[in-house]
Amino acid sequence: MSKASLKTNPQLVSLIADLKAKTRETEAEIWRDIALRLEAPSRVWAEANLSKIEKYVKEGETIVVPGKVLAAGDLTKKVNVAAYSFSAKAAASIAAAGGKVMTIRELMDECPSGSKVRIIG
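Note that the sequence shown ends on residue 232 in the working numbering; no numbers are left out.
Below is the structure:
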């Protein structure tokens with residue numbers, strides 16, 4: 112990483128390091144992919160609206176958004192969504208549809224192998 116793009120948020124720096132460590136530990140490349148996406152400038156991070164999740168994700172599926180989940184659109188499917196951040200309305204809509212809202216760290220601890228987890232965004 113160049114000096115100009117060093118991250119200053121200690122929680123984000125810790126999360127990126129933990130994602131890379133989990134990749135080395137489990138050989139699950141999904142965590143390295145997410146870490147590299149989070150190392151990029153935040154202005155290019157993924158943003159997924161509920162309408163995008165509704166359109167591309169199947170019922171009961173687990174997804175990760177290496178960025179922010181926004182509330183535009185409606186969600187009727189029960190899906191598990193992990194992201195770096197959520198708008199309050201998006202988190203409430205996912206929970207109201209019967210899905211689970213979690214952080215990327217919680218997903219990494221819950222599913223260390225990364226199997227059956229898709230990246231959206």
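Glycine residues also receive a C-beta, built at the ideal position from the N, C-alpha and C atoms.
Around the Cβ of residue i, are there at least 16 other Cβ atoms within 10 angstroms (buried) or fewer (exposed)?
i	result
V155	exposed
T134	buried
G209	exposed
K163	buried
A157	buried
I'd like the list of long-range same chain contacts for residue i, defined as Cβ closer than 8 Å, with 5 residues on each side in sequence excluded.
i	result
S113	The pLDDT assigned to S113 is 49, lower than 50, so where the model puts this residue is not dependable; a value taken from the coordinates is nonetheless given after this. Taken in chain order, the list of residues that qualify is empty.
D129	R216 and M219
Who are the Cβ neighbours of residue i in its own chain at under 6 Å, not counting the five residues just before and after it?
i	result
Q122	none
M213	A193
Specify, as a first and last residue, the run of the beta strand (DSSP E) that residue i falls within.
i	result
I230	V228 to I230
T214	K211 to T214
Check whether the Cβ atoms of residue i and residue j lie closer than 9 Å to each other.
i	j	result
G232	A139	no
E172	R216	no
E165	K188	yes
V168	A193	no
L126	A146	yes
G178	A159	yes
T137	P223	yes
Is residue i near the ligand NAD, with its Cβ less than 8 Å from a heavy atom?
i	result
A159	As far as ligands go, the structure on display features none, and thus does not contain the ligand NAD.
Between which two residues does the alpha helix (DSSP H) holding residue i run?
i	result
K200	A199 to A207
L181	Looking at the DSSP string, L181 is not in any alpha helix (DSSP H); the run it does join, the beta strand (DSSP E), is T173 to L181.
Go through its chain and collect everything with a Cβ distance to residue i's Cβ below 7 Å, but skip five positions before and after it.
i	result
L161	A182, A183, G184, D185, L186, A201 and S204
**Item:** Secondary structure, alpha helix (DSSP H): runs of 4+ residues fully inside the stretch 117-169
**Value:** 121-137, 140-150 and 161-167
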